Amino acid sequence: MKVTGAQALFKALEGERVDTVFGIPGGAILPAYDPLIDSKVRHVLCRHEQGAGHAAEGYAWASGRVGVAMATSGPGGCNLVTALADAKMDSVPIVAITGQVPSPVVGNDAFQEADICGITMPITKHNYLVTDANLIAETLREAFHIASTGRPGPVLVDIPKDVLLQEITWRWPEEIDLPGYKPTTKGNLRQVRSAAKMIMESKRPVLYVGGGVIKANASKELFRLAADGRLPVTTTLMARGAFPDAHELALGMPGMHGGYPAVTAMQKADLLVALGTRFDDRVTGQLAAFAPDAKIIHVDIDPAEIGKNRNADVPIVGDAKDVIAKLHAELTRQQEEAGGVPDRSEWLLTLESWKQTYPYRYDQPADGPLKPQFAIERLYEATKGDAIVVAGVGQHQMWTSQFWRFSEPRTWVNSGGLGTMGFAVPAALGAAAARPDKRVVAVDGDGCFQMTAQELATSRTENIPFITAIINNAHLGMVRQWQELFYEERYSQVYLSYDVPDYVKLAEAYGAIGLRAEHPDEVDAVIEKALSITDRSVVIDFRVDQREMCFPMVPAGASNDDIIVGPEGLRPTNEPAEAPVA
């Protein structure tokens, strides 16, 4: 059968069982938009290529499948760069397809030409420039395989316009042959046995769980390991939902704005079992002072991460699902031989006392002002936690991770490593497209929202509704907090205003429903109204206290021992070093 390169592109996407693509047409990619009319693939017409990229990320986060974005050459591809960098940092599997100027003028500074392969080389897992239409199907197959296997990540496929127009004989490549790409997925049993032995000998163990556990769909395996081994669990910002917050062994989120129990448990542990995590600076604080007495078991699919920031006493390269299952089996065997789980009651009692003494806290006066934490908690209560929650970046992101109680994986979507403002609205669009059966709630900041609000138009025209709760403190809140704490309250270029724009009118202009709450008494009614609307998107303008800061907080570059638990700036009365440990 004779097809054009453009037709081959969509036949290949259908072969990969792609159901949704996010993109915007343009000159160089235009040939691909003609066969789209006859394709089974749904195209979501976004309003900005960055929005298309983040929507593909949201789709991948929520579904566990590869997200797909399309853009034209030059500025189209360049506008995808932020989303690609974001996906690379957070190990999100997406494939970006870009048009390129015709082959004869590549390198001639042609109209809308940019070397997108060169530009994105450091921020993609791999990329391709396809010079022959006969290779399009094969390249797409490889791209999807690379994006979704090993450590997931973004792959870019750049196709010149003349290659899209080239006529070829269609052939579907049944096999993928990449001799240089062989990720290690099976954990070494000798190392697993050593890890289990180390856990058995430990008096103060902590499971340090990262986003790799969710990417590997290993939450069930994690639960069995933690529950049967009586091992307390911290879940990083990227791993929220990997282990249920309501479980007695859950310590919550560690890190710069993590909870005191999680942060201090890791500091005082004698063993950290790091699962699918990379010892990020936002978790470790001052690296030299991080968990000084802990031995390290480090499990990761990416061998480059093991030993990168902290030496591992037992390194295990492999897929988290495989390794955790093996570790559970071996630990169970060793526990049976030893007559049961080692007695760590004193450690567990200490952790429980920290949870009771140092919960996340805030004060909501009955007469206002409205506190952001209160708005987020009421959202959680109204949805009963049955929603996919998407966050932007900043204070609202931290508050959402703190005050939303997660029980399932893939119900928390956010930009962790790159910290991309503007992520929430388009990522919520992608998550809602992937999971139309689930309520999607984006919790955004007023600074973030204005960067990508145009995708509300996409939501309306494509009938992909979701709720956006703007935590509107009229400032770039996290920057303001740092200026207050570390720059002697010298506020520079952080004020945005409550009134410009008018978010209710802006939402209505985009075909959404706009609501506002300025007082604590208004919050529940506004949320109830928002949840009652299902045929279009809703934007809630929560006008919150501009002076509220996000705590706990470990100052940048400080030791986790220097955690500030509240606005009073005081350390806990019972210092971690004096806390009773086994």
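So in this note's numbering the end of the sequence shown lands on 725, straight run, no missing numbers. For each residue, glycine too, the CB sits at the ideal point set by N, CA and C. Keep in mind the model is a prediction, meaning the values are calculated, not measured.
Boundaries of the beta strand (DSSP E) around T377: 376 to 378. In this model, K363 and Q689 are separated by some 41 Å (Cα to Cα).
Here V556 is near A574, since their CB atoms are less than 7 Å apart. The alpha carbon of I676 has as its nearest neighbour, out of D642, G700, V584, the alpha carbon of V584. Taking every protein chain shown into account, the CB of N454 has fewer than 16 other CB atoms within 10 angstroms, so this residue is exposed. Counted as a single uninterrupted DSSP element, the alpha helix (DSSP H) harbouring V306 occupies residues 304 to 308.
Counting only residues of its own chain and dropping the five nearest sequence neighbours on each side, P303 has a CB closer than 6 Å to the CB of Q243, P245, S246.
Distance between Q499 and T493, taken at the CA atoms: about 10 Å. DSSP places M621 inside the alpha helix (DSSP H), whose first and last residues are 620 to 629.
A distance of 7 Å or more separates the beta carbons of Q538 and G482. In this structure, DSSP gives V457 an extended state, which the three-state scheme calls strand. Secondary structure of L561 (DSSP, three-state): coil. Taking each of K346, K464, R521 in turn and checking the Cα distance to W490, the smallest one comes out for K346. I289 is the residue among G590, I289, V298 whose C-alpha sits nearest the C-alpha of P322. The residue among I319, Q477, P218 with its C-alpha nearest the C-alpha of G169 is P218. In terms of CA proximity to M541, P515 leads the group R521, D529, I531, P515. Short of 8 Å from the beta carbon of G562, and not among the five residues preceding or following it, lie these beta carbons of its own chain, in chain order: V536.
No residue range can be given for Y501, since it is assigned to no alpha helix (DSSP H) and is classified by DSSP as neither H nor E. Counting every other CB atom within 10 Å of its CB across the protein chains shown gives T601 a total of 16 or more, marking it as buried.
Pairing F694 with E520, the inter-Cα distance amounts to about 16 Å. When rounded, the separation of the alpha-carbon atoms in P435 and D705 is 14 Å.
In this model, R476 and E627 are separated by some 54 Å (Cα to Cα).
Between the alpha carbons of N251 and L173 lies a gap of roughly 20 Å. V533 is a Cβ neighbour of A571, given a cutoff of 7 Å. Remark: three or more beta-carbon pairs, one from each stretch, lie closer than 8 Å, so the region 588 to 595 and the region 189 to 209 are flagged as touching. Looking only at W625, D642, Y641, the smallest Cα-Cα distance to S635 is reached by W625. In this structure, DSSP gives Q636 a state outside helix and strand, which the three-state scheme calls coil.
The residue from A239, L394, P446 with its alpha-carbon nearest to that of P326 is P446. Look at P515 here: in three-state DSSP terms it is helix.
Look at W555 here: in three-state DSSP terms it is strand. Considering only D229, L639, D423, the residue with the shortest C-alpha distance to H197 is D229. Nearest C-alpha to V637 among V146, V622, A650, Y630: V622. Within a 10 Å sphere around the beta-carbon of E391 sit fewer than 16 other beta-carbons, which makes this residue exposed. Within the same chain, Cβ atoms closer than 8 Å to the Cβ of P710 are found at M692, F694, the five residues on either side in sequence being excluded. Out of L283, P552, A257, the CA that lies nearest to the CA of H269 is found in L283.
Contact check for T554 against G384 passes: the beta carbons are separated by less than 7 Å.
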